[in-house]
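Using the numbering used here, you'd call the opening residue of the sequence shown number 21 and step up by one each time. For every residue, glycine included, the Cβ atom is placed at its ideal position computed from N, Cα and C. Since the structure is predicted, the reported quantities are computational estimates derived from the model, not experimental observations.
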Amino acid sequence: MEFLVTVAEFSLWLLLIVLFGFLSVVVFEAWRRRHSNVSVETVTTLDDPKSIKPIPCPHITDPAEKYLSLIVPAYNEELRLPAALEETMDYLQDRASRDKSFSFEVVIVDDGSVDGTKRVAFDFIRKYTIDNIRVIPLGKNQGKGEAIRKGMLHSRGQLLLMLDADGATKVTDLEKLENQINAVAREEYSIRNPASKDMDFKIGDVQVSAFGSRAHLEEKALATRKWYRNFLMKGFHLVVLLAAGPGIRDTQCGFKMFTRAAARRLFTNVHLKRWCFDVELVYLCKRFNIPMVEISVKWSEIPGSKVSMLSIPNMLWELALMSVGYRTGMWKIHQV
């Protein structure tokens, strides 16, 4: 009996030491990343494969020059990118032909690809011009969150949409997000500027965010996935709820739209560079009181996904960093 008590005490002390060690590592890493939202901007010009003259790179603080910017993070997407881009450009050009006030750009952020992703992107620039398609090279892989952040910071649209390079979500669904943002933005504008006329309204100047969602597909997914995958995903959703709070059921859908004012405020503050930057966006929206709407979108599984079960521990790690960083005040909120 005495032996069992000794073993139990030893196990308890060992557990406490491990927990203390883990918390120490989390706190240190959160402190190390306290300025990770302030990047040294290396992108000042854009390459045009049809000209030797560099194109000045815009910034989110500049006035909008387009109505819509589509930001596509791409890491080794040589095979999946062409079909998705063709579908996207077909939609955008068709809409522009019907509506002369509609202008757009597609910003491809090459996240350190080692395949032919940049070549594919340049082929599309040659076909559609540098005004409609632009490439931002990151040089080395920095993570999806950082790729999207860079794309947002160097876009020209009043509305900015992030979407995945695989085309898993139909680009036509952007109109669902656009319509909801427009409705909320007009309501917010009328409340804050009751004496202003409708002609003074600019959608890019009102802070609103729209999150595409696959939550309506969850019941079907639960029925087809292995039990342990469902267990892990439910656990992840619980941790997300604890870290960012309620409000958005599907934080990880790669189809999100922001007004220019919202993007400027959010993406100058995002610290996380990989999978869980989406959760941080929800957290920051709440901190800034930026209205959020969640809209169901069509989504299909595309072969070649880079998300695996090994991504779950990395996501939990980033959520721990976010919680410690903000709750201790190490991660400062910058007002823009």
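Tell me where the beta strand (DSSP E) around residue i begins and ends.
| i | result |
| --- | --- |
| Phe-278 | 276 to 279 |
| Asp-130 | 124 to 130 |
| Arg-53 | That residue, Arg-53, is in no beta strand (DSSP E); it is neither H nor E in DSSP. |
| Ile-156 | 153 to 157 |
Report the option in the options whose CA atom is closest to the CA atom of residue i.
| i | options | result |
| --- | --- | --- |
| Ile-268 | Lys-293, Gly-165, Ser-316 | Ser-316 |
| Lys-147 | Gln-272, Asp-68, Leu-39 | Asp-68 |
| Val-290 | Glu-166, Thr-279, Ala-215 | Glu-166 |
| Val-126 | Ala-104, Gly-136, Val-134 | Ala-104 |
| Thr-348 | Phe-42, Ile-37, Arg-54, Gly-274 | Arg-54 |
| Leu-183 | Asp-131, Gly-274, Val-155, Ser-216 | Gly-274 |
| Gln-200 | Ala-230, Leu-99, Arg-284, Arg-212 | Ala-230 |
| Lys-70 | Leu-286, Leu-181, Arg-139, Ile-80 | Arg-139 |
Have a look at residue i and residue j and give me their C-alpha separation to the nearest angstrom.
| i | j | result |
| --- | --- | --- |
| Leu-101 | Glu-198 | 24 Å |
| Glu-29 | Leu-35 | 10 Å |
| Ser-343 | Arg-118 | 47 Å |
| Gly-177 | Trp-33 | 56 Å |
| Ala-281 | Ser-31 | 53 Å |
| Lys-86 | Phe-124 | 6 Å |
| Ile-153 | Ile-145 | 5 Å |
| Gly-232 | Val-302 | 13 Å |
| Met-350 | Glu-49 | 11 Å |
| Gly-224 | Pro-311 | 14 Å |
| Asn-161 | Asp-135 | 12 Å |
| Pro-157 | Glu-207 | 38 Å |
| Ala-116 | Phe-122 | 5 Å |
| Ala-235 | Asp-143 | 36 Å |
| Thr-26 | Pro-93 | 54 Å |
| Phe-203 | Trp-319 | First, the amino acid is wrong: residue 203 is Ala here, not Phe. Answer to the nearest angstrom: the Cα atoms are 24 Å apart. |
| Leu-39 | Trp-295 | 24 Å |
| Leu-242 | Pro-74 | Note that Leu-242 has pLDDT 43, beneath the 50 cutoff, so the model's placement of it is unreliable and the number below is only indicative. In a straight line, the C-alpha of Leu-242 is about 50 Å away from that of Pro-74. |
| Asp-193 | Met-277 | 11 Å |
Provide the residue span of the alpha helix (DSSP H) that contains residue i, from first to last.
| i | result |
| --- | --- |
| Lys-170 | 164 to 173 |
| Ser-210 | 194 to 212 |
| Glu-97 | First-last for Glu-97: undefined, no H or E at that position. |
So who's on the other strand from residue i, going by DSSP bridges?
| i | result |
| --- | --- |
| Lys-86 | Gly-177 |
| Gly-232 | Ile-315 |
| Val-92 | Ile-128 |
| Pro-76 | Thr-65 |
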